[in-house]
Amino acid sequence: MDHAQIINELLCLGLCLEQDEAPPRPPGEDLTLLVGGRAVCPPLGDSPWSLKAGKLCRDGRALNIPVEVLPPPAFSAESDARGVPLGQIAQRQGADCLAVAVGPTCLFWPSPNRCSFCSIGPVRDSDLDLEDKTPEQVALAAARAKELDGVAHVLLMAGVVPPAGGEIKHLIEITKAIKEATGLPVQASLLPPAFTKDLKRLAQAGVDCLELSLMSFDPAVLGRIAPAKVGLGLDRYVESWAESVRRLGAGQVSCTILAGLGEDRAQTLQGCHLLAEMGVIPLLTPARSCDQFELEAPPDPEYMAGLYAEVAALMRAYGLSLGMAKAGAARSGAYTALGAWELEPLSLLVRPMRNTQELDAALALRHEVFVREQGIVQGTDQDGQDRMALHLGAWLGGELAGVLRLLPEDDSQGLLRLGRLAVLPDRRGQGVASELLAQAKEQARRRGADKLTASVQKANVPLFARQGWREQGGFFAVHGWEHQEMTLELGYS
Ligand code: SF4
């Protein structure tokens, strides 16, 4: 059994822990194991997995795997000037993350619309947590956790606080105080706000990462576990994800997706694809029983392994990794085995452009090739359709090396026009154009197109032909350069 399988099983099936196998933890803090150097917070209870004499056992048999139980954090035993224990203000999560519930209890928490998997409400209902913690108190807890326990980032969790948007004010005040006291990177976890300008305010206050978690792309499951989120609608999530990536960058926004709740697998993967394409980390996480929700059966590790493999491949295809996240749940990775499935980054990555900066870079590259190098057009090759097109970029070793665009040509025939294929001169002969064409085909299929068409420069005809494109008619001149009309039937190629 390798480390990935072990971590996956621990997170799905849990860990049976005898009292004397781990030092007492502060109230509200999950047990953290280091398995092969990775932080794992398994649910505790009946399980084939157990700890005996410091060894990890499966069905009572000790396995020869390096495992370490993290001691309780030292900061939580300290108090502030008013005698409030710091462990009541914040809890360690995983190996090096400090988690803090901010603001008063969520509007949804006392109602039947509450989320079954809420991690804020139960803490707030207990007497473990202060509702009215001040920014100064949180900053002190963060500073002591950083100094005593090596905490390296902070997760701020907020529910919905009235009046509308009240949680934004709490998040901003507390972020500023943490930044001033510690400089630690901060992730804010919240519901998509009504106004996307609030996401800009959070970014301006110093929030490094955002967690905007839908929890499930299966509407039936979401209705069961988080009816309030159904009410918000997917569009509000999509708008907030897009704005957050625009503000903070790809890989700094995440969305937890719970699995093992009887969800539709295809819908789940489609949703993860949507997230990855937008630059949002799909934080696939096995569901676990909690105070308000008892799972009928734990998530099946084999099912989870299949999902992890597919989501890890999606992340690689869109240039994402958990390690990109500066703070929060994705960086900590203690509740998901996704990190154990991650793949080496691609040296040649082709994906859609995500924002205006990337689009501007694409236009500049085209200008370099079509205007400066080839002199095909004078001044500019832009024709007014660029803002409507889907632009694909190819990054070779992290640098933009080539681009193309796809435009709707004839909706009644499901026809898309591929154009403006350009690769920088010193990046040719390294498979950039081929990969751009392959990904254009994939993107066109995903968008339901039946056929692609293109006017191809004569020198590129063999390249297109190798990918199944067929010539239509004879050569014709465009700006004095010979071109060939070519098409690709997506249904048959
Ligand atoms: S919106 Fe957030 S805080 Fe409110 S009930 Fe749901 S998970 Fe809990």
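The opening position of the sequence shown corresponds to residue 3 in the numbering used here, with each subsequent residue numbered one higher.
The C-beta atom is built at its ideal place from N, Cα and C for all residues, glycine as well.
Residue i, buried or exposed, once every other Cβ within 10 Å from all chains shown has been counted against 16
i	result
G85	exposed
V163	buried
D151	buried
L187	Sequence check: residue 187 is Pro here, not Leu. Looking at its Cβ environment, which holds 16 or more other Cβ atoms inside 10 Å, P187 is buried.
P288	buried
L367	buried
T358	exposed
E20	exposed
M390	exposed
N10	buried
D220	buried
A252	buried
R267	exposed
A228	buried
G233	exposed
D383	buried
A145	buried
G341	buried
A6	buried
Cα-Cα separation between residue i and residue j, rounded to whole angstroms
i	j	result
L88	L72	19 angstroms
D578	E241	The chain is shown from 3 up to 495; residue 578 falls before or after that span and cannot be answered.
D32	L420	52 angstroms
P114	L214	21 angstroms
I122	R40	25 angstroms
A92	M280	32 angstroms
L490	A440	11 angstroms
A183	A331	22 angstroms
C292	P45	9 angstroms
P137	G47	36 angstroms
L64	G433	A small fix is needed here, since residue 64 is Ala in this sequence, not Leu. A64 and G433: Cα-Cα distance of roughly 49 angstroms.
G208	A166	22 angstroms
L398	P25	49 angstroms
C211	N462	43 angstroms
S495	G470	Note on S495: pLDDT 44, under 50, position unreliable in the model; no value is reported.
D237	G168	22 angstroms
L351	G400	8 angstroms
M488	S457	6 angstroms
C172	D134	Per the sequence shown, the amino acid found at residue 172 is His instead of Cys. Their Cα atoms are separated by approximately 10 angstroms.
Q474	D413	20 angstroms
P112	F295	15 angstroms
E23	F197	49 angstroms
E245	G381	33 angstroms
K202	Q189	14 angstroms
Residue i and residue j closer than 8 angstroms at C-beta
i	j	result
C59	S52	yes
K460	F477	yes
D82	L142	yes
A283	G273	Ala is not the amino acid found at residue 283; the sequence shown has Ile there. Against a cut-off of 8 angstroms, the Cβ pair of G273 and I283 comes out as no contact.
I176	V104	yes
L322	A261	no
K443	Q415	no
L324	R318	no
T455	L423	no
A109	A160	Per the sequence presented here, residue 109 reads as Leu, with Ala not at that position. No, the pair does not count as a contact, with Cβ atoms beyond the cut-off.
A2	L100	Since the first residue shown for the chain is 3 and the last is 495, residue 2 is missing from the structure and cannot be characterised.
L316	A363	no
T338	L286	yes
A307	L345	no
L492	A467	no
I174	P195	no
C117	P300	no
T107	A336	no
L406	L361	no
L429	G404	In the sequence on display, residue 429 carries Arg and not Leu. It is a contact, given that the beta carbons lie within the stated cut-off.
Whole-angstrom C-beta distance between residue j and residue i, which should lie under 8 angstroms
i	j	result
L1	P427	In this structure the chain extends from 3 to 495, so residue 1 is not present and cannot be described.
S49	G96	20 angstroms between Cβ atoms; not a contact.
R94	V153	7 angstroms
R409	A435	One detail in the question is off: residue 409 reads as Leu in this sequence, not Arg. Contact flag wrong, Cβ pair sits at about 18 angstroms.
D388	L365	7 angstroms
I378	W483	6 angstroms
S256	A179	The Cβ separation is near 23 angstroms, so there is no contact.
P74	P28	6 angstroms
M217	F372	46 angstroms between Cβ atoms; not a contact.
L250	A205	6 angstroms
E80	L36	Not confirmed; about 24 angstroms, so no contact.
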